[in-house]
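Asker: Residue numbers (my numbering): 1221 to 1925. For every residue, glycine included, the Cβ atom is placed at its ideal position computed from N, Cα and C. Quick one: the structure is below, questions incoming.
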Amino acid sequence: MATHISHDIPRFINKRCTYLCATEVNTNNNLHEISPLRRRGKATELECNILSAGMLISVVLNPDNLHSAWYPFTVGKRQACSSLGIGYAKGDTIVPSELSDKHEGDTPVTTKGSQQPKEDLWEVVEGSNDLAKASLLSFYSVSKLLSAFPDINALMKATLEEALKSVGAERGFIALINYHTGELKIGWTAGHGWTDEKLSVRFDLSGSVGRGAEGHVALTGKPYLSGDITKDQYHSSCSRCLLFENTVSCMVVPLKGRDGKIIGVLSVSSEHQNAFDENDLRILCALADVAAVAISAADYHAREQKLIELGMELASQTDIEALLDEVVAVAVEILQADDCSLFLIDDSKLVLKASRGALKGQVGKAVYELGEGLTGWVALHAQPIRLSDVRSDPRWKGRYTEFPAEQIGAFLAVPVMGQKSCRGVLRVIRKRHPDSSYTNPFTPDDQNLLHMLASQVGAVLDRVELQERLIEAERMAALGEMSARTAHMLGNKIFTLKGALKELKHIDLPQGEERERLFSAIECSIKEMEELLQEFRYFVKSAKAEKNLLELISLMHEFIEQLRRTTGDVAISFVTHLDEVWIEGDAERLKRCISELVENAIHFMPDGGTISISIEQSKARPNEVLITVSDTGVGIPEEKKEKIFEPFYSTRAQGLGLGLAIVKSIVQAHGGTIEEVGEYGKGAKFVITLPAKRIGKQTSRVERE
């Protein structure tokens, strides 16, 4: 793999080095040729440490001479430690032993894509030889810590001890920010004199008093150095932040995670005046970078483990409500949020399905229209939203909020994507701190994590829906087989009865009204049995559709015209704003589907009324159309809505109860769904969703009669 020279060679190499080569180390710790040195073989211990650290590692090769710096760089777009380069820089008289006999005087090179180190860090190297040797040795020591201490606690303790030794400090500690409380909490210490009381001290980030130098660094991200804290504004104004009375000199540097977010501070102190200088501060910054990398890695590992555990639970969980509650709980935990809510699309609306705090009592009641507010916008466009001030966004409506708008300090919402379309929205909230200088916005990494959670939810919803369809298909198949056998048996009996009746008509029996009444009753019963038999047969065949490409608008318009001639006192209106809708469908079965719904509505409106039929494009799923059939009857009680599509369930005195089961079977055969969404007392309302091949433009045309 050839890599070429680039402009970002460190300044100290340009000024002081006469020799540089580069190699590549892969994840198997094998060296590959990049530079003219043509060296191959197993990576050395130091090279492996560089690979593990993913940062600048320098080493003094000879204490009596200048050093050689080994500088890593990442290769590829992912910027991961899958491939690192190492530069060998010759000082005035020394080079690595394996390079000493080759290419003397070569032009310095560096590799394309190398990460430019901080300039102030390289300035340390340009100081005195003794300082350079000490600092570079400390860097090398810390690089070994990363591989020697996989446990985060041991690594932090070792890093602190290395910091004290490198800069000559007596005590030190690492404190992390608790973004919920707005405080710095001491996590690890080194040196003497630490007690439980001192370890319990918190540095308040929310006010001007109580922050101390540590709080100042945590808020600003700027390193701090004081040779005499008795004359310093930060410590003098905060006596409780002074952990040790005999402290005179102090250094504090920030710990920065990914995206530059400050996650804590590293602080060291001395009992001597002016114990530290700018070079010590730079060394401490480099050590803090190592600590921050390790802390961030541990945090990501913990988050990853939580996601794995959730994924395993989602795979085995069958209770959807409990599953969704677990999702919002995990989201709050791994994103350090104050609240989380999950909305799912139901009947082209966003309905709250799970929440942790104030909205928990609104589950099932809080509803957004698609496109309404920030949450509705995410569902409609299937795009995330990340904000620090929701009130500044024109899409903000302020409905169904976990906290009042003025208390929301960070807002993040992502779409819950299923296999075909958006299924809902998952959003998290962080409260605004009373002190405006203290902020805790969501980061791109937070957004990626929430996307991962949402994708797991979408996959589970798809799986549950598929399982329900499979169960329903198996049940319908069993019912179909039973119906086919029953229909065959009924057909045989009816054929026998009709033959016997025909024979009776030719037998010389006494004439009279009683004879005619009996014959008429028998013929009527046979006719009803034939109708029931036909319904049985249609139920069996309804799951099979002979689909062809057809235009739905014109089909429905013509069919509704035919229906109007047979509905008597019941009026039928047809409304659409689409000029055409092309689907793969069976025209006769679709007409039977609408006919069954119309007939059902007429039965429950004996005194007349109105049936409204409409066709529109789905807002939630633009590649689907909605056929709505509603009436002005009494409607269907909530407790019966789940049963009405079951075979042989009927609220009517006559019939087998197969009408709506046939409708559902036809719809499912077309890859669609049907549900009843009407309000009891205001009429029934059936919504059929069908996949469309092509949907025409919206028009101003509205057809009614």
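Could you compute how far the alpha carbon of F1779 sits from the alpha carbon of L1562?
Answerer: Computed Cα separation, rounded: 42 Å.
Asker: Give the range of the beta strand (DSSP E) segment to which I1394 is assigned.
Answerer: Its beta strand (DSSP E) spans residues 1391 to 1398.
Asker: Per DSSP, what kind of secondary structure is M1672 in: helix, strand or coil?
Answerer: Here DSSP, grouped into helix, strand and coil, assigns M1672 to helix.
Asker: Closest by CA to I1822, which one among K1839, V1801, T1786?
Answerer: That would be T1786, whose Cα lies nearest to the Cα of I1822.
Asker: Pick out whichever of D1424, E1858, K1405 has its Cα sitting closest to the Cα of D1416.
Answerer: Closest option to D1416, Cα to Cα, is K1405.
Asker: Roughly how many angstroms separate the alpha carbons of G1678 and G1618, rounded to a whole number?
Answerer: 26 Å
Asker: Considering only the beta carbon of each residue, do L1543 and L1570 sit closer than 8 Å?
Answerer: no
Asker: Let me make sure I understand the geometry here. Which of K1451, E1743, V1845, T1379 has the alpha-carbon closest to that of T1796?
Answerer: V1845
Asker: Is DSSP giving S1516 helix, strand or coil here?
Answerer: helix
Asker: Could you tell me whether the Cβ atoms of E1804 and K1839 are closer together than 8 Å?
Answerer: no
Asker: Please determine if the region 1416 to 1425 and the region 1440 to 1447 are in contact, where contact requires at least 3 C-beta pairs separated by less than 8 Å.
Answerer: no
Asker: Under 8 Å Cβ to Cβ from L1530, same chain only, skipping five residues before and after it: list those, please.
Answerer: E1546, V1547, V1550, L1673, Q1676
Asker: Return the first residue and the last residue of the beta strand (DSSP E) that S1469 is part of.
Answerer: Here the beta strand (DSSP E) through S1469 covers 1469 to 1476.
Asker: Just to confirm my understanding: we take G1855, look at its own chain, exclude 5 residues before and 5 after, and list those with CB closer than 7 Å. What are they?
Answerer: For G1855, where only same-chain residues beyond five positions count, the Cβ hits under 7 Å are G1898, E1899, Y1900, G1901, K1902, G1903, A1904.
Asker: Residues in the same chain with beta-carbon distance under 6 Å from L1880, minus the five sequence neighbours each way, listed in chain order, please.
Answerer: I1864, F1865
Asker: On a Cα-Cα basis, can you pick out the residue from H1492, I1882, K1418, A1633 that is closest to L1555?
Answerer: A1633
Asker: If we ignore side chains and look at the alpha-carbon of each, how far apart do I1835 and V1849 end up?
Answerer: 9 Å
Asker: To which residues does DSSP link M1749 through a beta bridge?
Answerer: Looking at the DSSP assignment, M1749 forms no beta bridge with any residue, so it has no partner.
Asker: What is the DSSP secondary structure of V1790, reduced to helix, strand or coil?
Answerer: strand
Asker: Whole angstroms are fine: how far does the CA of T1401 sit from the CA of T1659?
Answerer: 12 Å
Asker: Output the residue ranges of the alpha helix (DSSP H) runs that lie fully inside the region 1787 to 1859 and measure 4 residues or longer, sorted by chain position.
Answerer: 1807 to 1823
Asker: Taking the CB atoms as reference points, tell me whether P1604 and A1630 lie closer together than 8 Å.
Answerer: no
Asker: By how many angstroms is the C-alpha of R1478 removed from the C-alpha of S1487?
Answerer: 21 Å
Asker: Applying the 10 Å Cβ sphere with the 16-neighbour rule, what's the burial state of S1612?
Answerer: exposed
Asker: Below 7 Å CB to CB, which residues in the same chain sit around S1641 once its five sequence neighbours on both sides are set aside?
Answerer: A1840, R1841
Asker: How is the beta strand (DSSP E) around L1562 delimited, first residue to last?
Answerer: 1559 to 1566
Asker: Does the distance from the C-beta atom of G1638 to that of L1681 stay below 8 Å?
Answerer: yes
Asker: What separation, rounded to the nearest whole angstrom, lies between the Cα atoms of G1891 and G1581?
Answerer: Separation of G1891 and G1581 (C-alpha to C-alpha, rounded to the nearest whole angstrom) is 35 Å.
Asker: Can you give me the C-alpha to C-alpha distance between T1852 and S1832, rounded to a whole angstrom?
Answerer: Answer to the nearest angstrom: the Cα atoms are 9 Å apart.
Asker: DSSP three-state label for G1447, please.
Answerer: The three-state reading of DSSP puts G1447 in coil, since its state is none of H, G, I, E or B.
Asker: Please look up how many angstroms separate the CB atoms of G1484 and I1397, rounded, as I've assumed it's under 8 Å.
Answerer: 6 Å
Asker: What do you get for R1809, buried or exposed, if any count of 16 or more other CB atoms within 10 angstroms of its CB means buried?
Answerer: Result: buried.
Asker: Over what stretch of residues does the beta strand (DSSP E) that includes L1770 continue unbroken?
Answerer: 1768 to 1771
Asker: Take the Cβ of P1867 as the centre, count every other Cβ of all protein chains shown within 10 Å, and call the residue buried at 16 or more, exposed below.
Answerer: buried
Asker: Is A1557 closer than 8 Å to R1650 when the C-beta atoms are compared?
Answerer: yes
Asker: Can you tell me the Cα-Cα spacing of E1622 and E1896, whole angstroms?
Answerer: 31 Å
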